[in-house]
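Chains as they are written, first to last, in the working numbering: chain A, 1 to 359; chain B, 360 to 673; chain C, 674 to 1008.
Quick reminder that beta carbons are idealized off the backbone N, C-alpha and C, glycines included.
These numbers come from a predicted model, not from an experiment.
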Amino acid sequence: MEQQDIILSVKDLNVKFNLRGKVLNAIRGVSLDVYKGESLCIVGESGCGKSVLNKNFIGLLDKNGWVDSGSIMYYGMEQPTDLAHMKKDKDWLKIRGEEICMILQDPMTSLNPLKTIGKQIAEAVELHQHLHGAALKQKVIQILADVGIPEPEKRYKQFPHEFSGGMRQRVVIAIAIACNPKILICDEPTTALDVTIQAQILDLIKELKVKYGLTIIFITHDLGVVANVADRIAVMYAGDIVEIGMVNEVFYDPKHPYTWALLSSLPQLGVKGQELYSIKGTPPNLFKKVEGDAFAPRNPQALKIDFVELPPYFEVTPTHKARTWLLDPRAPKVNPPEHFKNIRSIRKLRQQGGAANGQ
Amino acid sequence: MVKYMSKRLLRSLVTVFIIVSTVFILMRQLPLDGFLPNVDKMSQEQIKNSLALLGLDKPIHVQLGNFWKQLILHGDLGTSYVYRNNVATMKVLSTKIPLSVKLGTMAILLGLLLGLPLGILMAKHKNKFPDHLGTVFIVFIEAVPAAVYYLFIQLYGTELFGLSLLFREGDWRTWILPVFSLSLPDIIYFAMWIRRYTVDESTKDYVQLARIKGMSEQKILYRHVFRNAFVPMVQYLPSSFLNTVVGSIYIESLYAVPGMGGLLIDVVKKQDNNMVQAIVMLFSIVGIIGLVLGDLMMVLLDPRISFVTKGGRR
Amino acid sequence: MPLFKSPKLVKLEENMQDQLREHMTDEEAFSLAKFDEKEVERVGYSNYSYWRSTFQVFRKNKIASFLVYLVLAILLFTFVQPYLPNQRDPFIANNDTVSGKPLRNIQPGEKGFIFGTNSIGQDLWSRLWAATRTSLIIAISVAAIEALVGILAGVLWGYVKACDLIFTELYNILDNIPSSLVLILVSYMLTPGIGTIIFAMSITRWIGMARFIRNQIVIIRDREYNLASRCLGTGTFTIIFRNLLPYLVSVIMLRVALAIPEAIGSEVFITYIGLGLPATTPSLGNLINLGRQLMLSPNLRYQLIYPTVILSIVTIAFYVVGNAFSDAADPKNHR
């Protein structure tokens, strides 16, 4: 892909937090390019830094956090802008909603319980599409229909508590769409929903992406969702991206031991009667400086050098790279774990959509 | 909602009944001085007759029954024998109530007028100078007993502003100190709670979403945070009402206001049981009505409570 | 095997890392490392201790920390004062040694009276400390009774289902009755005295404490982390100690700390109405009430100022310390 197609480019980003007097290095030198019109999924365990990374894209990092170094170049506007160094609220108002919008995880708390949902969507439309009065109402009703809410005229006047969880998330999506952004960040939008509703919401997002020409960044820890929605996957661990590539490449030809471990943890790969695979240990303490590969202590296939020096990215294909010494020509040939052969059966996952517990 | 409110009302009525009856019964355990002003000068015979006249010789439950009958059918809260000679308590009260109501209402209005903006200012500048200043103010009024700062106000009010200590209904200048003193606890109360609610709301998820939408902080504050913070505030109006009622007991005697509060102190000093009984009952009823009203207002303002949602989902 | 690595060990390991890098050949570097499962399961961090964090946060609040010392100093002084040299008896009317006349309304500082004398000639300094003693004893007693009765009732209320209904109805009724009125009523009915005041104040306060305790017990008892503890087989005593108690303690401390200024306030209130302690017993309420009558004469004003200042300091101190401690005990503030 050519340079022009990149809409967001993160380079060597370091984000730190002040916690109880100590400094936590939450994002450790992340570099990531997002291409226009793609669906990029960022996967990782809880606490790996996925949400923190995305908060930087809309300037909503917690008060005790800051960007220590690196840049986030946004190419969606006339002038490329470095989001990492934007401090003023005034500047962020031009980005938030207008260019980049986000959907939060919990639809229950994302909506103001004391305002009608029509009003809440209208606020977004007013801000970004500059409509008023009757035209405004029309637009809102149209958006409601777009996200699949039946009887939009009636629903316009209703309050959030009159909607079910899935419907509420549709409303939240409606608000995001109403902003007319270029990039839509979905922070685990289906985690709080029933399994059956999950598929619907994911389909809706895919539909809207095509209809409105959005670029989507999806954050999730659910690989089933990834299989359903993603064009590309970035695997995050301990504040760093360890592997990134097209969906097929990462699923069928993963190279980083952490990706192996992650994929192995899928219950679908379990064999009846045997213990389910789980990754031993816990993620590292990011208050301390990490030497070498962060995953090394938990990696049965770790090389001695993994404990000592941070591996660079090795290219597997032009679109697939991973940060592991195993890809170095000097490394011994290491095979992915046994149970991995079953991963081909994961094809079913892609066909069935985001049902993480599907058969 | 109807079910909820009727349950609430019923409970309040029961509470009123219990309080009033308890006060009634308790009063009748007290020495007879409270009913017969000259009991130490009377002979046994005279006492017996007087008691019979007043209906005080009957068994307690009969007395109670009669009392309620009198109250509900005739609006008669008993008769004053010591404070006034044989005058219906209602009559005595009715001359005093209007003034106290005026005073109290003005105090609450002033409380809202000054308290709400103060609290909002404090929330807006959380942890900065206005917040700290306001906090000092609040701590002082909260911690130090009202009796004490009322005195300070009276002291410096007269010294610095030359305002009179004696209240006269016609002279508006004599209203200033009493109303202001009375409103202070309300100012603090409202400021404190609106600040807390405002701060609470600011951390809610939907405020975050509003930010993501691209709303300016100013707009968010007014359209989402304050609007939402005001709703639970409503339930504090009646409590402040009650506080004002109690506060008036002080203020009225400090400034010689001929209202209900001052009356209470007088009748306590004079030991008129029926008057004390009547005032205590009245205050309690007012308080309870206030609390029920507060609940009612909450129900009306919060759409979540008003509607019966499907399957009880909130 | 210890759960945490000591800093010395970590330093040693870091040094080893550096040495490794310099001396490893490519062949060595790219060989498989030994995978130690036990090593992996070692917990990385968290030397978090609830109480230590609580005190840390509290100490950061300079004002509250200062006031704690102030309060302790005042408390100490109040009870030690009579035993200091050259203290006068608060009840004796002092007469002029020469003329034999009572030394009325002496200005503070004159004739060896630190705070002056009142209209009968009693030493205001010793009277004030006696008054503070009385008021504090009342306040502390009320707080103690509220805590004891309230906690007991609250625990019963929370754990015994049968009690729940009775107590809840009782609470709903009592909550609606303004406490000042109960105070007035009780004081009106019983003989005014220290016992009466303590009794009257305790009646109105205990149920509030009980309700707090009961709510916490009900919430915490059924909260997931307690269920989890029970599933893991933790004993009931341990659950109470480590799960319930820390949160309860902060709530209890707050109520106890706030009970003090409120009790003092109630005492002043009831004295004002005429139902307080007998005028001969020195209490802050009495002193203030007497001083009030002298408010308008600038040179007698000191009889009002000194009691009110001491009262203000005490009440503000307890209020601030109570709130600060409660804030510090909230784990959300342990950042």
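Going along the chain, which residues of its own chain have a beta-carbon closer than 7 angstroms to the beta-carbon of residue i, five neighbours each way excluded?
i: leucine 650 (chain B); result: Pro597
i: isoleucine 27 (chain A); result: Leu13, Asn14, Val15, Gly49, Val52, Leu53 and Gly239
i: tryptophan 802 (chain C); result: Thr751 and Gln754
i: valine 741 (chain C); result: Val994
i: leucine 660 (chain B); result: Val590 and Val593
i: arginine 672 (chain B); result: With a pLDDT of only 31 at arginine 672 (chain B), under the threshold of 50, the placement of this residue in the model should not be trusted; the figure read from the coordinates follows. Excluding positions up to five away in sequence, the list is empty.
i: threonine 562 (chain B); result: none
i: leucine 410 (chain B); result: Asp416
i: arginine 974 (chain C); result: Leu967 and Met968
i: isoleucine 647 (chain B); result: Ser371, Thr374 and Val375
i: valine 125 (chain A); result: Leu131, Leu136, Lys139, Val140 and Ala178
Give every residue of the same chain whose Cβ lies closer than 6 angstroms to the Cβ of residue i, excluding the five residues on either side of it in the sequence, and list them in chain order.
i: lysine 50 (chain A); result: Ile42, Gly44, Ile219 and Met236
i: glutamine 301 (chain A); result: Pro257 and Val334
i: glycine 670 (chain B); result: Low local confidence applies: a pLDDT of 30 at glycine 670 (chain B) is under 50, so the model's placement there is unreliable, with the coordinate-based value given in what follows. There are no such residues.
i: glycine 76 (chain A); result: Ile7, Glu99 and Lys182
i: leucine 303 (chain A); result: Trp325
Hey, is residue i's beta-carbon within less than 8 angstroms of any beta-carbon in chain B?
i: glycine 97 (chain A); result: yes
i: methionine 968 (chain C); result: yes
i: cysteine 179 (chain A); result: yes
i: threonine 215 (chain A); result: no
i: isoleucine 846 (chain C); result: yes
i: tyrosine 992 (chain C); result: yes
i: phenylalanine 159 (chain A); result: yes
i: asparagine 849 (chain C); result: yes
What does a CB cutoff of less than 8 angstroms around residue i pick up in its chain, not counting 5 residues either side in sequence?
i: glycine 281 (chain A); result: Pro297 and Arg298
i: aspartate 769 (chain C); result: Pro775 and Leu776
Is it the case that the Cβ atoms of residue i and residue j are separated by a distance below 8 angstroms?
i: tyrosine 581 (chain B); j: serine 110 (chain A); result: no
i: phenylalanine 394 (chain B); j: leucine 415 (chain B); result: yes
i: alanine 122 (chain A); j: valine 147 (chain A); result: no
i: phenylalanine 307 (chain A); j: glutamate 291 (chain A); result: yes
i: leucine 927 (chain C); j: serine 860 (chain C); result: no
i: alanine 686 (chain B); j: isoleucine 553 (chain B); result: With chain B covering 360 to 673 only, the question about residue 686 (chain B) has no answer from this structure.
i: glutamine 158 (chain A); j: isoleucine 117 (chain A); result: yes
i: tryptophan 260 (chain A); j: proline 336 (chain A); result: yes
i: isoleucine 305 (chain A); j: phenylalanine 703 (chain C); result: yes
i: leucine 641 (chain B); j: leucine 858 (chain C); result: no
Give a yes or no on whether the minimum CB-CB distance between residue i and chain A is below 8 angstroms.
i: alanine 706 (chain C); result: yes
i: phenylalanine 885 (chain C); result: no
i: phenylalanine 703 (chain C); result: yes
i: glutamate 501 (chain B); result: no
i: isoleucine 571 (chain B); result: yes
i: leucine 568 (chain B); result: yes
Give me the chain C residues within the contact set of residue i, using Cβ-Cβ distance strictly less than 9 angstroms, ordered along the chain.
i: isoleucine 624 (chain B); result: Tyr945, Ile946 and Gly947
Quick one: is residue i near chain C, going by C-beta distance under 8 angstroms?
i: phenylalanine 307 (chain A); result: yes
i: tryptophan 260 (chain A); result: no
i: proline 336 (chain A); result: no
i: glutamine 301 (chain A); result: yes
i: threonine 603 (chain B); result: no
i: arginine 330 (chain A); result: yes
Kindly list, in the order they appear in chain A, the residues whose Cβ is closer than 8 angstroms to that of residue i.
i: methionine 592 (chain B); result: Near methionine 592 (chain B) there are no residues of chain A at all, since even the closest Cβ is about 13 angstroms away, more than 8 angstroms.
Quick one: which chain C residues come within Cβ less than 7 angstroms of residue i?
i: aspartate 240 (chain A); result: Result: empty, since nearest Cβ-Cβ is about 17 angstroms, beyond 7 angstroms.
i: lysine 255 (chain A); result: Near lysine 255 (chain A) there are no residues of chain C at all, since even the closest Cβ is about 16 angstroms away, more than 7 angstroms.
So which residues of chain A does residue i contact, with C-beta pairs closer than 7 angstroms?
i: glutamine 388 (chain B); result: What glutamine 388 (chain B) touches in chain A: nothing, since even the nearest Cβ is about 51 angstroms away.
List the residues of chain A whose Cβ lies closer than 9 angstroms to the Cβ of residue i, in chain order.
i: aspartate 661 (chain B); result: Pro113 and Leu114
Using a cut-off of 8 angstroms between C-beta atoms, extract the partners of residue i located in chain B.
i: isoleucine 989 (chain C); result: Val498, Phe499, Ala502 and Val503
Extract the residue ranges of the beta strand (DSSP E) inside the segment 111-196 of chain A, only unbroken runs of 3 or more that lie entirely within it. 183-187
4 or more residues per run - each alpha helix (DSSP H) lying fully within the segment 246-284 of chain A: Note on the segment 246-284 of chain A: whole alpha helix (DSSP H) runs with a minimum of 4 residues are 247-252 and 257-264, in chain order.
Can you check the segment 814-873 of chain C for any alpha helix (DSSP H) of at least 4 residues that lies completely inside it and give the ranges in chain order? 834-848 and 852-862
Counting only runs of 3+ residues fully inside the segment 11-57 of chain A, write out the beta strand (DSSP E) ranges in chain order. Correct list: 22-35 and 39-43.
Report the residue ranges of all alpha helix (DSSP H) runs contained in full by the segment 294-347 of chain A; include only those spanning at least 4 residues, in chain order. none
Complete runs of the alpha helix (DSSP H) confined to the segment 420-495 of chain B [at least 4 residues]: 448-483
List, from N- to C-terminal side, the beta strand (DSSP E) runs of 3 residues or more that fit wholly inside the segment 599-661 of chain B. Counting only runs of 3 or more, we get nothing.
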